[in-house]
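Numbered according to the numbering used here, the sequence shown spans residues 25 to 475. Yeah, the Cβ is synthetic: ideal placement off N, Cα and C, and Gly gets one too. Below is one structure, written out as structure tokens, with a few remarks after it.
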Amino acid sequence: MRSAFVVTCSVCSMELEDLPSPVLVEILSRLGDSTELAQCRLASRTLRTLSRDVGSVRLFCSRDRFLRSRAPATCDHVTPFRSLVANLASFLSASPGPLTLALAAERPPSADADEVDDADDLHLTAFPFLARWLPLLAARLRSLAIDDYWLQSCWRPSQALSLIADLCHDLVNLEVRNAWLSVEELKPMHRLTSLTLEFIRLDDANLDKVNECFPSLQALNLIRVGGLKEPKIHLLQLRVCTWTVSNFVLSLTVCAPKLVELKLKCVEPKALHLETPLLSELDVTIKKARATIVVGEKLNLRSLRIESSDLCNLAQVFAHSRTIKRLELEAYGSSTFVDLVEQCTIDLLSTFPDIDELVLGPRAWFILPENLNVRGELRNLKKMMVHLAPEELDAAMISWKLTPLLAHARYCQVVMLIPAAASMDSRKHVISKCISNFPGIRWKWDTWRCG
Numbered sequence: 025m026r027s028a029f030v031v032t033c034s035v036c037s038m039e040l041e042d043l044p045s046p047v048l049v050e051i052l053s054r055l056g057d058s059t060e061l062a063q064c065r066l067a068s069r070t071l072r073t074l075s076r077d078v079g080s081v082r083l084f085c086s087r088d089r090f091l092r093s094r095a096p097a098t099c100d101h102v103t104p105f106r107s108l109v110a111n112l113a114s115f116l117s118a119s120p121g122p123l124t125l126a127l128a129a130e131r132p133p134s135a136d137a138d139e140v141d142d143a144d145d146l147h148l149t150a151f152p153f154l155a156r157w158l159p160l161l162a163a164r165l166r167s168l169a170i171d172d173y174w175l176q177s178c179w180r181p182s183q184a185l186s187l188i189a190d191l192c193h194d195l196v197n198l199e200v201r202n203a204w205l206s207v208e209e210l211k212p213m214h215r216l217t218s219l220t221l222e223f224i225r226l227d228d229a230n231l232d233k234v235n236e237c238f239p240s241l242q243a244l245n246l247i248r249v250g251g252l253k254e255p256k257i258h259l260l261q262l263r264v265c266t267w268t269v270s271n272f273v274l275s276l277t278v279c280a281p282k283l284v285e286l287k288l289k290c291v292e293p294k295a296l297h298l299e300t301p302l303l304s305e306l307d308v309t310i311k312k313a314r315a316t317i318v319v320g321e322k323l324n325l326r327s328l329r330i331e332s333s334d335l336c337n338l339a340q341v342f343a344h345s346r347t348i349k350r351l352e353l354e355a356y357g358s359s360t361f362v363d364l365v366e367q368c369t370i371d372l373l374s375t376f377p378d379i380d381e382l383v384l385g386p387r388a389w390f391i392l393p394e395n396l397n398v399r400g401e402l403r404n405l406k407k408m409m410v411h412l413a414p415e416e417l418d419a420a421m422i423s424w425k426l427t428p429l430l431a432h433a434r435y436c437q438v439v440m441l442i443p444a445a446a447s448m449d450s451r452k453h454v455i456s457k458c459i460s461n462f463p464g465i466r467w468k469w470d471t472w473r474c475g
């Protein structure tokens, strides 16, 4: 659709000019890439004028463009990417309307991921580069996303956050990926309600500056943020949080009185504290649940997903929350590997008596019932979803595992997710066996993709 519109821009610009200006600006804002926007700007004076008022622009440096800018035979014919950003910022600065801006450099191949690039032509969080163009657009910016080039940014600490805080007073959404960020001289951003930091080295070991300078956050995503020791999220307005901790930390604390949704993934913290009285949806992944886990007494969960090699201990931590309606169990590991899981029995009737939906991940299903024994008279169960393991598509084995789970679930719907890579014959055999062995069950069939 976008490419078709670009063709229309160059061929039928006179017809496009007949459209109302607000409609044209909206269309231009949806193009998704500055290259397409530039083509439209060349089509006519009207489109060039209106393109200043676009509300959303994305500038993307592809791997191909990057290589051409480095090759001796083509480098003189390729405008440096950072110069493109500065030029476009100058062009867009003439309009007063709100703006969403995204800058991104394509990630290098995995084979090059451990290398270091001494150049800075794609260092998008570099302070001098940001200072060159950000003042031109600061008043317009409501959302800013920067995906840096890790090979150049990984060894260079940047004060990008402090510059953004100084200039962008009306920013409500900020996303930074693949960078090393300093919090030195960072000032509060009271209007910012959404923050995403992904694959970041952050010089804020306990998140003190994050808590101090982003007090209005309602959505926080910390994905593989390194440099943390005893991080504590203490945000009074926070409602949704995704936190993936890739390194070993001493403790994790979330103190958020308005938080309703939390997705937490960590390895083996020595302590985990959740002070989240309004939390209703929790997705927690901990390799081993041997840590001291303290959960507030007023926890009123509706949905709980736990992934661990120590499912029993983790399940017991949340057993006092009698409001849970949806429970999902998964063993710790990857798409091709199940971590060593200690023998575990979870009595759903006593631990989670009020659940009406049970979901079993592929690794949890695979270790049933030898390492994971799920029992209890599930008379109130309305829905069960099973992700069949790719390694186990034997129809007889599947029926054997289902028997104790469905013995008392008379009014249950079972959603059976078969690996997409399974042969059609295997699928038909599994479906036929399940229907014949459990005639009173309402079945629904679908597929899922591994990885």
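Discussion item. Measuring straight from C-alpha to C-alpha, what distance separates THR427 and PRO301?
Written reply: 37 angstroms
Worksheet item: If we count the other Cβ atoms within 10 Å of its Cβ and call it buried at 16 or more, is MET408 buried or exposed?
Response: buried
Worksheet item: Mind checking whether GLU208 and ALA169 have CB atoms under 8 angstroms apart?
Response: no
Worksheet item: So who's on the other strand from ASP371, going by DSSP bridges?
Response: ARG399
Practice prompt. Could you check if TRP179 is buried or exposed, using at least 16 other CB atoms within 10 Å of its CB as the buried criterion?
Written response: exposed
Fill in: With 16 other Cβ atoms within 10 Å as the buried cut-off, status of VAL272
According to the sequence as given, residue 272 is Phe; it is not Val. Counting C-beta atoms within 10 angstroms of its own C-beta, PHE272 has fewer than 16 neighbours from the protein chains shown and is therefore classed as exposed.
Practice prompt. Give the C-beta separation of LEU205 and ALA184 to the nearest angstrom, bearing in mind that I take them to be a contact with Cβ-Cβ under 8 angstroms.
Written response: 6 angstroms
Fill in: Between the CA atoms of VAL398 and ASN461 - distance to the nearest angstrom
20 angstroms
Discussion item. Could you tell me the alpha carbon to alpha carbon distance between SER167 and ARG326, rounded to whole angstroms?
Written reply: 32 angstroms
Item to complete: Would you mind sorting TYR356 into buried or exposed? The rule is 16 or more other CB atoms within 10 Å of its CB.
Response: buried
Item to complete: Assign GLU354 to buried or exposed, taking buried as 16 or more other Cβ atoms, counted over all protein chains shown, within 10 Å of its Cβ.
Response: buried
Fill in: Where MET38 sits in the DSSP three-state scheme
Any reading at MET38 must be qualified, since the residue scores a pLDDT of 49, below 50, and its modelled position is unreliable; no value is offered.
Fill in: ARG263 in three-state terms, based on DSSP
coil
Item to complete: Drop a sphere of 10 angstroms on the beta-carbon of ARG87, count the other beta-carbons inside from all chains shown, and report buried for 16 or more, exposed for fewer.
Response: exposed
Worksheet item: Is the beta carbon of LEU429 sitting closer than 8 angstroms to the one on ILE465?
Response: no
Worksheet entry | Collapsed DSSP secondary structure at ASP190 in the structure displayed | helix
Worksheet item: Is the CB-CB distance between GLN367 and ASN404 below 8 angstroms?
Response: no
Worksheet item: What runs of the beta strand (DSSP E), each 3 residues or longer, lie entirely inside the stretch 412-464?
Response: Qualifying beta strand (DSSP E) stretches, in chain order: 437-443.
Practice prompt. Keeping to the same chain, check which residues put their C-beta closer than 6 angstroms to that of LYS457; ignore five residues upstream and five downstream.
Written response: ALA419 and SER423
Item to complete: Could you tell me which of THR309, ARG346, VAL410 and LEU338 sits nearest to GLU331, measuring between CA atoms?
Response: THR309
Worksheet item: Using CA coordinates, which residue listed in ILE257, THR220 and GLU254 is at the minimum distance from ARG248?
Response: THR220
Worksheet item: What residue does the beta strand (DSSP E) around TRP469 start on, and which one ends it?
Response: 466-472
Worksheet item: Just the Cα atoms here: how many angstroms apart are LEU127 and ARG82?
Response: 6 angstroms
Worksheet item: What residues are listed by DSSP as bridge partners for PHE84?
Response: ALA128
Worksheet item: Taking buried to mean at least 16 other C-beta atoms within 10 Å of its own C-beta, is ASP470 buried or exposed?
Response: exposed
Worksheet item: Rounded C-beta distance between VAL284 and ILE257? I'm assuming under 8 angstroms.
Response: The pair is not a contact, with the Cβ atoms about 14 angstroms apart (cut-off 8 angstroms).
Worksheet entry | 7 angstroms CB neighbourhood of ALA135 in its chain, flanking five on each side removed | Because the pLDDT at ALA135 is just 48, under 50, the model does not fix this residue reliably, and the point stays unresolved.
Worksheet entry | Identity of the residues DSSP links to HIS258 by a beta bridge | CYS279
Worksheet entry | Helix, strand or coil at CYS178 according to DSSP, with G and I counted as helix | In the structure shown, CYS178 sits in coil (DSSP, three-state: anything other than H, G, I, E or B).
Worksheet item: So what does DSSP say about LYS289, is it helix, strand or coil?
Response: DSSP places LYS289 in strand when its eight states are reduced to three.
Discussion item. Given a cut-off of 8 angstroms on the beta-carbon distance, is the pair GLY400 and LEU372 in contact?
Written reply: For GLY400 and LEU372, yes; Cβs fall inside 8 angstroms.
Fill in: Residue span of the beta strand (DSSP E) that contains GLU331, given as start and end
327-332
Discussion item. For LYS287 and CYS265, what's the separation of their Cα atoms in angstroms?
Written reply: 6 angstroms
Worksheet item: In whole angstroms, what is the alpha-carbon distance linking ILE379 and LEU441?
Response: 20 angstroms
Practice prompt. Take ASN230 as the anchor and find which of LEU216, PRO255 and SER218 has the nearest alpha-carbon.
Written response: PRO255
Worksheet item: According to DSSP, what are the bridge partners of ALA243?
Response: SER218 and VAL264
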